[in-house]
Amino acid sequence: MMRCIFQNTYLVNRALKRFTKWKEVKIRMKNDMWKKKRPGVAVLYTALFLLFVSFLTLSASASASASETTVSISDAFMKPDETAVTSIMINNVSYLGAADISLAFDPSVVHVVSAANSDFDLFDAVIDNSTGSVKAVGADFGDGLYGDVKFADITLKAVGNHGETSALNLSINVLKEAGPDETTIPAAVDNGTAFINFPPVAIAFSAHRYNNVGSYYPCQTIFNASASYDPDGDAITSYTWDFGDTHSGEGPAIEHAYSSCKWNGTGYEPFNVSLTVKDDGGLANTAIIQVNVYIAGDATGDGRVNILDAVIVGREWGEKCTCGNFCWEGQDRADRGDLNNDCIVNILDAVIIGANWGNIAW
């Protein structure tokens, strides 16, 4: 009996030793595999770390660029012997305590009459129209200024001739934070220009308030810029149109056939059309109008061509329009029924409805 027990104990111990040895071998094999793989893993982790650092750097750079403080002066327009007011602004700033800024200009073109209306508690300016310079300082006695801060309103007077210009150049001498450390605030400069000239005024019209796609069934959208003018009598040298559909044109009066409409699921979206006029002094002005364009045959604007459109044409049959800035002034339904923009509601409009019967805008 004892012999059997000892024999069994021997066998158990032997089995345990073999199992322990096998386990140790397996662990060593795993460690060897890890050591072999470790260089590749290290490279991967290093690459991921560098990528993360690069992302943080780019994000910080983009954030800094977006939040950059800018000292700027806006353009000024005036007639000879008249005045205009422009402003020196310190934009997107925090904790601003003190500023010392200089302005240089051409004294043969403009003079500075005054520098005033500052957001600073203390402000003073020295104006020298003989040399064309202004040196101004401002100080805040509180916890600093934030956001868009007005350094000063600058009143200019035109002493030159019509058409002359002067650069308005800024220099930052001091821009510091409030507090005992007086940390310098980095900032960019955005200069301006003084013009003894006014830009033209762009005025655009679409003759018809309701237009239709005219790529197959004729419908010309008529644009007019003849009401545009220049305040000081300069000649307007160019009229440039952007029809909002990747096409453009030139001229005070122009026609354009749209090849598509813009349906958003619940209704039509108008096209944004821009007109830019330029005078012989090189100044420009832009106006933007919205133009309704429906599918061919759609008089109601519901995105479908059906009996309702035919009813509108029938109700306005034979109506004619005379055009000023607008055609069909005060005749909204007739304007809708004039599907080819020829200023008369007749069989041609009915034919367009028949040819497109059942069509939808989506």
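Mapping of the sequence shown onto this note's numbering: residues 808 to 1169, in sequence order.
Ideal placement from N, C-alpha and C gives every residue a C-beta, glycine not left out.
Exposure of residue i, with buried meaning 16 or more beta-carbon neighbours within 10 Å
| i | result |
| --- | --- |
| Lys842 | With a pLDDT of 48 at Lys842, under the threshold of 50, the modelled position of that residue is not reliable, and the figure given next carries that caveat. Exposed is the call here. |
| Lys1085 | buried |
| Ser1066 | exposed |
| Arg1111 | buried |
| Leu1146 | buried |
| His1015 | buried |
| Ser1022 | exposed |
| Gly949 | exposed |
| Asn1018 | buried |
| Trp829 | Confidence at Trp829 is low in this model, with a pLDDT of 44, below 50, so the placement of that residue is unreliable and no value is reported for it. |
| Pro1007 | buried |
| His1063 | buried |
| Thr1028 | buried |
| Thr1129 | exposed |
| Glu1123 | buried |
| Ala1162 | exposed |
| Ser1013 | buried |
| Trp1169 | exposed |
| Ser937 | exposed |
| Ala784 | Residue 784 is absent from the structure shown; the chain starts at 808 and stops at 1169. |
| Val1118 | exposed |
Helix, strand or coil at residue i [DSSP, three-state]
| i | result |
| --- | --- |
| Gly954 | strand |
| Asp988 | coil |
| Val1098 | strand |
| Ala1106 | coil |
| Ala974 | strand |
| Ala883 | strand |
| Val1020 | coil |
| Gly1056 | strand |
| Ala1165 | The sequence given here places Gly at residue 1165; Ala does not occur at that position. Looking at Gly1165 - three-state DSSP - the assignment turns out to be coil, as it is neither helix nor strand. |
| Ile1010 | coil |
| Ala994 | strand |
| Leu1115 | helix |
| Leu1146 | coil |
| Val1152 | coil |
| Thr1028 | strand |
Beta carbon of residue i nearer than 9 Å to that of residue j
| i | j | result |
| --- | --- | --- |
| Asn980 | Ala911 | no |
| Ala974 | Ile1010 | no |
| Glu1126 | Ile1151 | yes |
| Lys760 | Val919 | Outside the displayed range of the chain (808 to 1169) lies residue 760, so it cannot be described from this structure. |
| Ile961 | Ile897 | no |
| Val916 | Thr972 | yes |
| Gly1104 | Tyr1046 | no |
| Lys942 | Ile895 | no |
| Asp1052 | Phe1078 | yes |
| Ala946 | Gly904 | yes |
| Asp1142 | Val1120 | no |
| Asp882 | Phe1002 | yes |
| Leu1115 | Asp1041 | no |
| Lys983 | Ala932 | no |
| Ile1061 | Trp1070 | no |
| Thr877 | Val996 | yes |
| Cys1068 | Val1100 | yes |
| His969 | Pro914 | no |
Residues that DSSP places opposite residue i in a beta bridge
| i | result |
| --- | --- |
| Thr1083 | Thr1047, Thr1093 |
| Gly999 | Leu975 |
| Asn1132 | Asn1132 pairs with nothing; no bridge assigned. |
Could you name each continuous beta strand (DSSP E) segment of 3 residues or more that falls completely within the segment 888–969, going from the start of the chain to the end? 890–911, 917–923, 929–935, 940–946, 952–965
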